[in-house]
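The block underneath contains the structure these notes are about, expressed in structure tokens.
In the working numbering, the protein residues as written are 107 to 451.
Here you go:
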């Protein structure tokens, strides 16, 4: 009997302990507030924004664009018709060839790795070596007008200039901070240590480029108007002139690596190797194209001239052929040693 009483007391104590523990756990659950890791939340929000956000689709949003933005869209998408040789009024013919701005600035300026205009407005004013001055976005546009479009400058206060800038502003709205870098210029390539091999470049061209740009580099005309281009000419009288950035092998190779073949390659998933892009860029630029007058005045500080600029003068003793076709690394080493300037193109 005594043993039963002892057992009962022990059982009661155990029951009391379990009851107290359950009560404490229940109280803790009612009052528990999880700690908030602010850094983790910010990182998660940034990741979600990066994954969800996409640049604007101009064609899909054309109907709802503000009128000035829409005018800018047509100027860059159908440049020849609205500000080139096919413009109805002679005074509107600023572009000298039948290219469209969107032939190079792909997806109407929205594609990463193709000199995109997404976020471009906030990057200006910026210093430019070609003019050796701080330039505006209007200056940059006019650089393309005179070189890539082989034409003349748009008046800064013109309706055309205002519309193009408005379109660029529209593309640049609400870009997440962590997505801005990928839309700047062209992704770099590893520059081969050799000169351009025109035969290798020709082989790449025949395999990857000829279907769109043709055997003679003349491109493919638009079937609707027969004047503008579905696929632009890469050389010849209706292409960009020899003062354009695309006439520099390294710049051209960077663009090609990230964007060509068209609709097959992207910045994140290129098709060509650095070497293939390099050799085919040299091959394309081995052909004749319109001449830009007064290129000797480019880069007042000649030390700032890109090493692959194919026209002189230069402040080094490397040949014109080496500046055009490379190898470029010895030229870069010279500028680093002689002037302390690190050049990437």
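We treat Cβ as the ideally placed atom computed from N, Cα and C, and that holds for glycine.
Treat the numbers as computed from the prediction; the structure is a model and nothing was measured.
Would you tell me roughly how many angstroms separate the C-alpha atoms of residue i and residue j, rounded to the nearest one?
| i | j | result |
| --- | --- | --- |
| residue 248 | residue 258 | 8 Å |
| residue 434 | residue 401 | 21 Å |
| residue 306 | residue 296 | 17 Å |
| residue 359 | residue 441 | 22 Å |
| residue 395 | residue 186 | 18 Å |
| residue 233 | residue 264 | 24 Å |
| residue 450 | residue 397 | 25 Å |
| residue 380 | residue 414 | 16 Å |
| residue 154 | residue 266 | Any reading at residue 154 is ruled out, since the residue's pLDDT is 48, under 50, leaving its predicted position unreliable. |
| residue 198 | residue 300 | 45 Å |
| residue 158 | residue 391 | 39 Å |
| residue 346 | residue 256 | 6 Å |
| residue 445 | residue 308 | 36 Å |
| residue 348 | residue 426 | 14 Å |
| residue 160 | residue 188 | 29 Å |
| residue 410 | residue 240 | 14 Å |
| residue 167 | residue 176 | 10 Å |
| residue 331 | residue 313 | 29 Å |
| residue 403 | residue 243 | 21 Å |
| residue 275 | residue 423 | 43 Å |
| residue 436 | residue 194 | 50 Å |
| residue 280 | residue 201 | 31 Å |
| residue 375 | residue 196 | 43 Å |
| residue 448 | residue 378 | 26 Å |
| residue 250 | residue 353 | 13 Å |
| residue 393 | residue 261 | 32 Å |
| residue 206 | residue 192 | 12 Å |
| residue 165 | residue 389 | 34 Å |
| residue 429 | residue 173 | 45 Å |
| residue 372 | residue 217 | 9 Å |
Could you spell out the range, first to last residue, of the alpha helix (DSSP H) harbouring residue i?
| i | result |
| --- | --- |
| residue 357 | 355-365 |
| residue 271 | 265-277 |
| residue 311 | That residue, residue 311, is in no alpha helix (DSSP H); it is neither H nor E in DSSP. |
| residue 189 | 185-189 |
| residue 215 | 212-215 |
| residue 202 | It is not in any alpha helix (DSSP H) - residue 202 carries neither H nor E in the DSSP assignment. |
| residue 386 | 380-390 |
| residue 370 | From DSSP, residue 370 is part of no alpha helix (DSSP H); its letter is neither H nor E. |
| residue 431 | 426-431 |
For residue i, verify whether its CB is less than 6 Å away from any heavy atom of the ligand MG.
| i | result |
| --- | --- |
| residue 305 | Among the ligands in the structure shown, none appear at all, so the ligand MG cannot be discussed. |
Per DSSP, residue i is paired with what?
| i | result |
| --- | --- |
| residue 337 | 326 |
| residue 233 | 240 |
On the DSSP letters alone, give me the boundaries of the beta strand (DSSP E) that residue i sits inside.
| i | result |
| --- | --- |
| residue 296 | Note, residue 296: premise wrong, no beta strand (DSSP E); not H, not E. |
Is residue i helix, strand or coil by DSSP?
| i | result |
| --- | --- |
| residue 175 | helix |
| residue 437 | helix |
| residue 443 | helix |
| residue 420 | coil |
| residue 260 | coil |
| residue 227 | helix |
| residue 248 | helix |
| residue 346 | coil |
| residue 449 | coil |
| residue 397 | coil |
| residue 377 | coil |
| residue 283 | helix |
| residue 170 | helix |
| residue 165 | coil |
| residue 351 | helix |
| residue 535 | This structure gives no information on residue 535, because the portion of the chain shown stretches from 107 to 451. |
| residue 209 | helix |
| residue 192 | coil |
Beta-carbon of residue i versus every beta-carbon of chain C: anything under 7 Å?
| i | result |
| --- | --- |
| residue 301 | No chain C is present in this structure, which holds just one protein chain. |
Considering only the beta carbon of each residue, do residue i and residue j sit closer than 7 Å?
| i | j | result |
| --- | --- | --- |
| residue 269 | residue 181 | yes |
| residue 209 | residue 338 | yes |
| residue 311 | residue 325 | no |
| residue 302 | residue 431 | yes |
| residue 179 | residue 292 | no |
| residue 341 | residue 323 | yes |
| residue 383 | residue 355 | no |
| residue 253 | residue 405 | no |
| residue 364 | residue 219 | yes |
| residue 203 | residue 333 | no |
| residue 225 | residue 289 | yes |
| residue 277 | residue 190 | no |
| residue 238 | residue 407 | yes |
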